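Here's the structure, in structure tokens; my notes come after.
Residue numbers (our numbering): 742 to 1272.
Take a look at the structure:
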């Protein structure tokens, strides 16, 4: 499935040494991380929607250990990714893949390009409008001297690992391959289909036409809406390839995305058509804001996102008072407000995700309640998200209230009710007690990956690791198009390393499936073969 592997997830449960036996401590947080929360919209279909990882930090809130004897202590990764503690609506709004599919293609350019420049940039653009040569007052530090910083050609990482460990590459079993999209230079479609290596390579190649290819960093060049769109695709592809440091390095040339040469007005002196607005695509602003989070600085991401939100609030306030940007006519005011209100909501979802990453749960709950006011049509999912958040921080009473509100607002179903009952059981007691509820859900919804993971992890916490592995493997190996998800693979790898029997052989079996079913082998680092 194309979108099974999105983002990264937390490490497996914490391991505490106790003589020759290792006590595997469980908690509600650990369980949500291992299972992934369930996408209530994906029930009944084939597809792996809804396998979303918790942001749990694995500081056990409750300890009821079960013991499993292992031969050696596996290396437990320290990184903890944002997966989704909250429901599918937040995941959909904040995933990089969906971010690139900005649905504003049919929106007037004047509306899309509206922005509020800083005082310094505003002064520079005003001077240009007065026919003062830009070179007279714009310093070199105010220009975006962008260029590709690496001439590396990216390849499918799963294929690389397969050649290294096996010597052959299993033939892909995907419905589409990237060759035709590469031939037509369709970078957007490459991203949409999950071929991130090809998207990074093609976008770099196309940037040569704008004199912004490899070796051009530090040189002045002309920006256009098309070149900025290519940069957006390039940075998104690098981020999905976990080349975050390179992405940040290439984006440094653009500063805070407010340089004068990123505005259409900068080129008005040499153009017959007088145009206004920023050439920076809105998704690139969110990408720019999210990069620090990927580099381990979620607080910087919060700061950047709040700046974006404040700019949007200024645009909306001015527009509601009749002060529209120069290129936006009064008849476009309703459309302008609609688009930027939608972008405000999107930014708020990103703020929720960043607040969870910072473990600022007060901010996260406050933002979710603000979203409830701004997006009443999504009330059921937002109440569900709030309930999950309260489960995560160990407040079952509030979680119960939120889940009840979610069921009241949404279309009540047996699935929704059972899901909430299971989550509350985990929150109040343990994943072992929740197995009965998940077992009932399994009978009703047998093709849902998150439910399968929940049962497997229930076995695991009950001390039945062999049974947990066999159960989860039977689904992943039997129907990889549905059950080969990042969380399933992560859970299997954790158990393989704990049991410490035929670890490499078992990991290579999963690698073969990823070569066949996952575009670009995205998420292959979960196997920890390259370490």
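All C-beta atoms in this analysis are idealised placements derived from N, C-alpha and C, irrespective of residue type, glycine included.
As the structure is a prediction and not an experimental result, all values here were calculated from the model.
*Check each candidate in 931, 977 and 1051 and name the one with the smallest Cα separation from residue 858.*
Comparing alpha-carbon positions, the option among 931, 977 and 1051 lying closest to residue 858 turns out to be 1051.
*asked:* For residue 1071 and residue 919, I'd like the C-alpha separation in whole angstroms.
replied: Cα to Cα, the separation comes out at about 44 angstroms.
*Decide if residue 1245 is buried, meaning its Cβ has at least 16 other Cβ atoms within 10 Å, or exposed.*
exposed
*Give the secondary structure of residue 1288 by DSSP, where H, G and I count as helix, E and B as strand, and everything else as coil.*
Look at the range of the chain in this structure, 742 to 1272, and you will see that residue 1288 is not part of it.
_Excluding the 5 residues flanking residue 1193 on each side, which residues of the same chain have their C-beta closer than 6 angstroms to its C-beta?_
1216
_Assuming residue 1116 is part of the alpha helix (DSSP H), what are its boundary residues?_
Element bounds for residue 1116: n/a, residue is neither H nor E.
*Given residue 1033 as reference, the closest of 1131, 1118, 1166 and 992 once Cα atoms are compared*: Looking at 1131, 1118, 1166 and 992, the one whose alpha-carbon comes closest to that of residue 1033 is 992.
*Give a yes or no on contact between the stretch 1024-1042 and the stretch 970-982, applying the rule of three or more CB pairs nearer than 8 angstroms.*
In short, these stretches touch, since the Cβ pair count reaches three.
*How long is the line joining the alpha carbons of residue 1218 and residue 1232, rounded to whole angstroms?*
14 angstroms
*asked:* Just verifying my parser: in three-state terms, what is the DSSP assignment at residue 1019?
replied: strand
*Which residues bound the alpha helix (DSSP H) around residue 891?*
Counting along the chain, residue 891 falls outside any alpha helix (DSSP H), and DSSP gives it neither H nor E.
*Assign residue 948 to one of two classes, buried (16 or more other C-beta atoms within 10 Å of its C-beta) or exposed (fewer than that).*
buried
*Verify whether the separation of the beta carbon atoms of residue 998 and residue 961 is less than 8 angstroms.*
Cβ atoms of residue 998 and residue 961: not closer than 8 angstroms.
_According to DSSP, residue 1004 sits in a beta bridge with which residue or residues?_
1019
*Residue range of the alpha helix (DSSP H) that residue 1192 falls in?*
1190-1202
_Burial state of residue 942 (16 or more Cβ within 10 Å)_ = buried
*Look at the Cβ atom of residue 1221, then the Cβ atom of residue 1198, and state whether they are nearer than 8 angstroms.*
no
*Just how far apart, CA to CA, sit residue 890 and residue 908?*
31 angstroms
_Residues near residue 1045 by beta carbon distance below 6 angstroms, same chain, minus five either side_ = 1030
_Nearest candidate by alpha-carbon position, reference residue 1186, set 1209, 1168 and 1154_ = 1154
*Could you tell me whether the Cβ atoms of residue 1057 and residue 1074 are closer together than 8 angstroms?*
No, the pair does not count as a contact, with Cβ atoms beyond the cut-off.
*When DSSP labels each residue in this structure, what does residue 886 get in the three-state scheme?*
coil
_residue 1273 versus 1017, 1115, 1226 and 1092, residue with shortest Cα-Cα distance_ = Not covered by the structure: residue 1273. The range shown for the chain is 742 to 1272.
*asked:* Within 10 Å of its beta-carbon, does residue 969 have 16 or more other beta-carbons around it, so buried, or fewer, so exposed?
replied: buried
*Between the C-alpha atoms of residue 1174 and residue 1167, what's the straight-line distance to the nearest angstrom?*
7 angstroms
*Ordered along the chain, which non-local residues of its own chain (more than five positions away) have a Cβ less than 8 angstroms from that of residue 1061?*
The answer, listed in chain order, is 1078.
*Out of curiosity, what's the CA-to-CA distance linking residue 977 and residue 837?*
7 angstroms
_Assigned secondary structure, residue 998 (DSSP; H/G/I helix, E/B strand, else coil)_ = coil
*Check whether the Cβ atoms of residue 1158 and residue 1130 lie closer than 8 angstroms to each other.*
Their beta carbons are not under 8 angstroms apart, which means residue 1158 does not touch residue 1130 by this criterion.
*Which residues in the same chain have their Cβ closer than 8 angstroms to the Cβ of residue 870, if we skip the five residues on either side of it in sequence?*
1006 and 1009
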